[in-house]
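Asker: The structure that follows is given in the form of structure tokens.
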Amino acid sequence: MIDISMRPAYLAPAALLLGWLVYQLSRPSKLPELPVLGLRKDEWFPTVRAAWRNTDEAVIIPLMTGTYVLLPASDTDFVVEAPGSQLSSHKQMNENFQLEHTVMDTELSLRPRQHQLIMTTLTSQAGNLIPEILDETAWNFDKYWGTDTKEWEEVPAFDTMRRIVGGVTNRVFVGPACRDEALMDASTKYALDVPIASILLRVLPNVLKPFLAPLIILSARLHTHQHYQALKPTIERRLKEFDARRADPEVAQSLGPEPNDWLQWSISQAKELGDPVLYSAKKLAHRVLFLNLPSIHTTSLAITGTLLDLVCHNKPEHIAELRTDITSVLAKNDDQWNKHSLAKMHKLDSTLRESVRSLTTVALSRKVTSPSGVTFPSGVHVPYGVTVMVPGHSVMHDKAIYGPDADEFKPFRFVDQGSESRKAFATTGKDFLSFGHGRYACPGRFFASTELKVILGHMLLNYDFQMETDRPPFKCFGLQRLPPRNKTIKIRRRENIE
1 MIDISMRPAY LAPAALLLGW LVYQLSRPSK LPELPVLGLR KDEWFPTVRA
51 AWRNTDEAVI IPLMTGTYVL LPASDTDFVV EAPGSQLSSH KQMNENFQLE
101 HTVMDTELSL RPRQHQLIMT TLTSQAGNLI PEILDETAWN FDKYWGTDTK
151 EWEEVPAFDT MRRIVGGVTN RVFVGPACRD EALMDASTKY ALDVPIASIL
201 LRVLPNVLKP FLAPLIILSA RLHTHQHYQA LKPTIERRLK EFDARRADPE
251 VAQSLGPEPN DWLQWSISQA KELGDPVLYS AKKLAHRVLF LNLPSIHTTS
301 LAITGTLLDL VCHNKPEHIA ELRTDITSVL AKNDDQWNKH SLAKMHKLDS
351 TLRESVRSLT TVALSRKVTS PSGVTFPSGV HVPYGVTVMV PGHSVMHDKA
401 IYGPDADEFK PFRFVDQGSE SRKAFATTGK DFLSFGHGRY ACPGRFFAST
451 ELKVILGHML LNYDFQMETD RPPFKCFGLQ RLPPRNKTIK IRRRENIE
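Numbering (UniProt numbering), first residue to last: 1 to 498.
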């Protein structure tokens, strides 16, 4: 038997944990006096039903990863308009992903350089990047779904979508280097590492994080290193070419146009700022990898949800209508996939918007940053440091807004509204909060919209599906709805498709 009293290695963490428990039990609560959602008599772990509950009152949502205040929908405008000195989406994102621990270069989460490039260059270049997006989409579908026009093939929906999205996204980030197997493996695995590690870290008391975080983030650290090693030669070549172009016009002409991707934009931005640290190979690699985190994760969830919505409702007429929508637009645009043709594929756009609508649980998560707390229009006062949010699911399933069929999947819902009231996929509003709303709405939503339309359009034109009758439920993990990881679908390449 181990004599624990003789083992300081055991005593230290035990003492820390005991001390933390005593502290938590003895300190006054920061939370306001509000009903606790899901708390029942004799129930040790409260259940969470916030995402499906229509409520006009503020409630507390207790989760293993933290305790949150769900505000009434009437407070939405206030949350949208509040300045960062009162409510911060940036600080909430940092805490949600535990970026202090999970990102090897913490400066990336503190500086606005990434955000500036997304808002300006990535958004403005999304249309120009469609040929690259389409080329990479076709290449990845051939790789992961195959080209067999005779036999049906069973493929895992989420896993293949995650890999396809990873490949297409990184074509925009690093150009043709995205097809490097080591680079793609590190990128896609890192995009899974961080959400998993952040959940484990949020469960831990802060006093234990410095001791346990290094173990929890081992996988993220490994894949960060592998990503850097794979991308380093490309970065070093790009840096040399950048300097050579500006030193000699003839060299610039011989090299041809500069690459139009995230890595090149980051190099240009870093050189303009004139800080050698910013254009070091490691810093630039970290900037690329950091953007993989939200890009692959959220886009994979969205396209998987849309795929399952279309295949598992046993309505092949929906897919037929979408194909007609796509081909008729392309026929009028010289068969060109571009910004103008995508904008006219209204049914494709509506299908994505409708599917994403059903996935949203809560929205507009913010950390209270005002030292004195914030009093909301509903009268609720929330102290400093507490996370607040509004009820996304109940708003986006409100029958007063979306009609009596608000709980059903209607892919052409937003087309049926008519041209005057039709809203595009990336359009935000108080009745559509999947991308947030207001000044802190998702800055990458226009690029994500372009990418998702190309992926979904290519998928529908090039593959047939064995329809199913039961849409598998998405699993609830905290306040997120995640697709069933093991769900497979049967697909077959369509014939006579150019």
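Ideal Cβ positions, reconstructed from N, Cα and C, are used throughout, including at glycine.
Treat the numbers as computed from the prediction; the structure is a model and nothing was measured.
Below 8 angstroms on the Cβ atoms is my contact criterion, and I expect Gln114 with Leu239 to pass it. Report the Cβ-Cβ distance as a whole number of Å.
Answerer: Here residue 114 is taken as the residue at index 114 of the sequence shown, counted from 1. Here residue 239 is taken as the residue at index 239 of the sequence shown, counted from 1. Not quite, the Cβ-Cβ distance comes to about 19 angstroms (not below 8 angstroms), so this is no contact.
Asker: Does the segment 368-378 come close enough to the segment 157-170 to have 3 or more Cβ pairs within less than 8 angstroms?
Answerer: Verdict: no, contact absent.
Asker: Would Ile303 be called buried (16 or more neighbouring beta carbons within 10 Å of its own) or exposed?
Answerer: Within the sequence shown, numbered from 1, the residue matching residue 303 stands at position 303. Buried: at least 16 other Cβ atoms inside 10 Å.
Asker: Among the candidates Asn486, Ala424, Asn462, Arg471, whose CA atom is the shortest distance from the CA of Phe141?
Answerer: Taking the sequence shown and counting its residues from 1, the one referred to as residue 141 is at position 141. Comparing Cα-Cα distances from Phe141 to each of Asn486, Ala424, Asn462, Arg471, the minimum goes to Asn462.
Asker: Which whole runs of the alpha helix (DSSP H) in the segment 260-308 are 4 residues long or more, in chain order?
Answerer: If we require 4 residues or more, the alpha helix (DSSP H) runs fully inside the segment 260-308 come out as 262-273.
Asker: Does DSSP put Leu122 in a helix, in a strand, or in coil?
Answerer: Numbered from 1 along the sequence shown, position 122 holds the residue referred to as residue 122. Helix.
Asker: Count the other CB atoms, across all protein chains shown, that sit within 10 Å of the CB of Leu433; report buried if there are 16 or more and exposed otherwise.
Answerer: Looking up residue 433 in the sequence shown gives position 433. Flag for Leu433 reads buried.
Asker: What alpha helix (DSSP H) runs, 4 residues minimum, are completely inside the segment 145-183?
Answerer: Here the runs fully enclosed are 157-174.
Asker: Can you give the Cα-Cα distance for Val415 and Leu352, rounded to whole angstroms?
Answerer: Here residue 415 is taken as the residue at index 415 of the sequence shown, counted from 1. Here residue 352 is taken as the residue at index 352 of the sequence shown, counted from 1. So the alpha carbons of these two residues sit roughly 12 angstroms apart.
Asker: Do Pro176 and Cys312 have their C-beta atoms within less than 8 angstroms of each other?
Answerer: For the purposes of this step, residue 176 is taken as the residue at position 176 of the sequence shown. For the purposes of this step, residue 312 is taken as the residue at position 312 of the sequence shown. Not a contact, by the Cβ cut-off of 8 angstroms.
Asker: What residue range does the beta strand (DSSP E) around Ile217 cover?
Answerer: Here residue 217 refers to the residue found at position 217 of the sequence shown. Segment: none, Ile217 is in no beta strand (DSSP E) and carries neither H nor E.
Asker: From Leu284 to Ser268, what distance separates their C-alpha atoms?
Answerer: Position 284 of the sequence shown, counted from the start, is the residue given in the question as residue 284. Position 268 of the sequence shown, counted from the start, is the residue given in the question as residue 268. Approximately 11 angstroms, taken between the alpha carbons.
Asker: If you run the structure through DSSP and keep just helix, strand and coil, what is Lys487?
Answerer: Position 487 of the sequence shown, counting from 1, holds the residue named residue 487. Three-state result, Lys487: coil.
Asker: Taking buried to mean at least 16 other C-beta atoms within 10 Å of its own C-beta, is Met161 buried or exposed?
Answerer: As a first step, residue 161 is located in the sequence shown; it is residue number 161 there, counting from the start. Buried, because 16 or more other Cβ atoms sit within 10 Å of the Cβ of Met161.
Asker: Note down, in chain order, each residue of its chain lying with its Cβ closer than 6 angstroms to the Cβ of Leu129, except the 5 sequence neighbours on either side.
Answerer: By 1-based counting over the sequence shown, the position of residue 129 is 129. Cβ within range, chain order: Val172.
Asker: Could you pull out every unbroken alpha helix (DSSP H) segment of at least 4 residues lying fully inside the segment 329-377, listed in chain order?
Answerer: If we require 4 residues or more, the alpha helix (DSSP H) runs fully inside the segment 329-377 come out as 339-344, 346-359.
Asker: Looking at C-alpha atoms only, which residue of Lys423, Gly457, Tyr402, Ser358 is the closest neighbour of Ser341?
Answerer: Here the question's residue 341 lines up with position 341 in the sequence shown. Among Lys423, Gly457, Tyr402, Ser358, the Cα nearest to that of Ser341 is on Gly457.
Asker: Where does Gly429 fall in DSSP's three states?
Answerer: Start at 1 with the first residue of the sequence shown, and residue 429 comes out as number 429. Strand.
Asker: Buried or exposed for Ala157, please, with buried defined as at least 16 other CB atoms from any protein chain shown within 10 angstroms of its CB.
Answerer: Counted from its first residue, the sequence shown places residue 157 at position 157. Per the 10 Å Cβ criterion, buried.
Asker: DSSP three-state call for His437: helix, strand or coil?
Answerer: Within the sequence shown, numbered from 1, the residue matching residue 437 stands at position 437. It is coil, neither helix nor strand.
Asker: What is the DSSP secondary structure of Leu25, counted as helix, strand or coil?
Answerer: Here residue 25 corresponds to residue number 25 of the sequence shown, with the count starting at 1. Residue placement at Leu25 cannot be trusted, given a pLDDT of 46 that sits under 50; what the coordinates show is reported in the next sentence. Of the three classes helix, strand and coil, the one that applies to Leu25 here is helix, per DSSP.
Asker: Measure from the alpha carbon of Asp470 to the alpha carbon of each residue in Leu460, Thr488, Met459, Ile455, then state which is nearest.
Answerer: Taking the first residue of the sequence shown as position 1, residue 470 is located at position 470. The option with the nearest alpha carbon to Asp470 is Thr488.
Asker: Can you check which of these residues, Glu354, Pro195, Leu204, is closest to Ile296 by C-alpha distance?
Answerer: One-based indexing of the sequence shown puts residue 296 at position 296. Among Glu354, Pro195, Leu204, the Cα nearest to that of Ile296 belongs to Pro195.
Asker: Quick one, which of Ala270, Ala197, Cys178 has its alpha-carbon nearest Pro233's?
Answerer: Reading the sequence shown from its first residue, position 233 is the one you call residue 233. If we check each option's Cα against that of Pro233, Cys178 comes out closest.
Asker: Only counting the same chain, and skipping five residues up and downstream in sequence, which positions put a Cβ closer than 7 angstroms to that of Ala424?
Answerer: Reading the sequence shown from its first residue, position 424 is the one you call residue 424. So the qualifying residues of the chain are Asp349.
Asker: Let me know if Ala82 comes out buried or exposed under the rule of 16 or more other beta-carbons within 10 Å of its beta-carbon.
Answerer: On the sequence shown, position 82 is the one that residue 82 refers to. It counts as buried.
Asker: Ends of the alpha helix (DSSP H) at Leu62?
Answerer: The residue you call residue 62 lines up with position 62 of the sequence shown. Leu is not the amino acid found at residue 62; the sequence shown has Pro there. No alpha helix (DSSP H) holds Pro62; the beta strand (DSSP E) holding it covers 59-63.
Asker: Rounded to whole angstroms, how far is the Cβ of Leu201 from the Cβ of Lys189, which I believe are closer than 8 angstroms?
Answerer: Numbered from 1 along the sequence shown, position 201 holds the residue referred to as residue 201. Numbered from 1 along the sequence shown, position 189 holds the residue referred to as residue 189. Incorrect: roughly 18 angstroms between the Cβ atoms, too far for contact.
Asker: Compute the Euclidean distance between the alpha carbons of Pro32 and Thr387, then round it to the nearest angstrom.
Answerer: Counted from its first residue, the sequence shown places residue 32 at position 32. Counted from its first residue, the sequence shown places residue 387 at position 387. Between Pro32 and Thr387, the C-alpha separation is close to 12 angstroms.
Asker: For Asp416, name the three-state secondary structure that DSSP assigns.
Answerer: As a first step, residue 416 must be located in the sequence shown, where it is residue number 416. Note: Asp416 maps to helix in three-state DSSP.
Asker: From which residue to which residue does the beta strand (DSSP E) around Asp388 run?
Answerer: Translated into positions along the sequence shown, residue 388 becomes position 388. It is Val, not Asp, that sits at residue 388 in the sequence shown. Residues 387-390.
Asker: Go through its chain and collect everything with a Cβ distance to Ile216's Cβ below 7 angstroms, but skip five positions before and after it.
Answerer: Here residue 216 is taken as the residue at index 216 of the sequence shown, counted from 1. Cβ within range, chain order: Ala197, Leu200, Leu201.
Asker: Where does Arg237 land, buried or exposed, given buried means 16+ other C-beta within 10 angstroms?
Answerer: Counting from one through the sequence shown, the residue named residue 237 turns up at place 237. So Arg237 counts as exposed.
Asker: Just the Cα atoms here: how many angstroms apart are Gln98 and Leu71?
Answerer: By one-based count along the sequence shown, residue 98 stands at place 98. By one-based count along the sequence shown, residue 71 stands at place 71. In a straight line, the C-alpha of Gln98 is about 24 angstroms away from that of Leu71.
Asker: For Gln226 and Trp145, what's the separation of their Cα atoms in angstroms?
Answerer: As a first step, residue 226 must be located in the sequence shown, where it is residue number 226. As a first step, residue 145 must be located in the sequence shown, where it is residue number 145. Going from the Cα of Gln226 to the Cα of Trp145 covers about 26 angstroms.
Asker: Between the C-alpha atoms of Glu181 and Glu241, what's the straight-line distance to the nearest angstrom?
Answerer: Indexing the sequence shown from 1 puts residue 181 at position 181. Indexing the sequence shown from 1 puts residue 241 at position 241. Those two C-alpha atoms are separated by around 24 angstroms.
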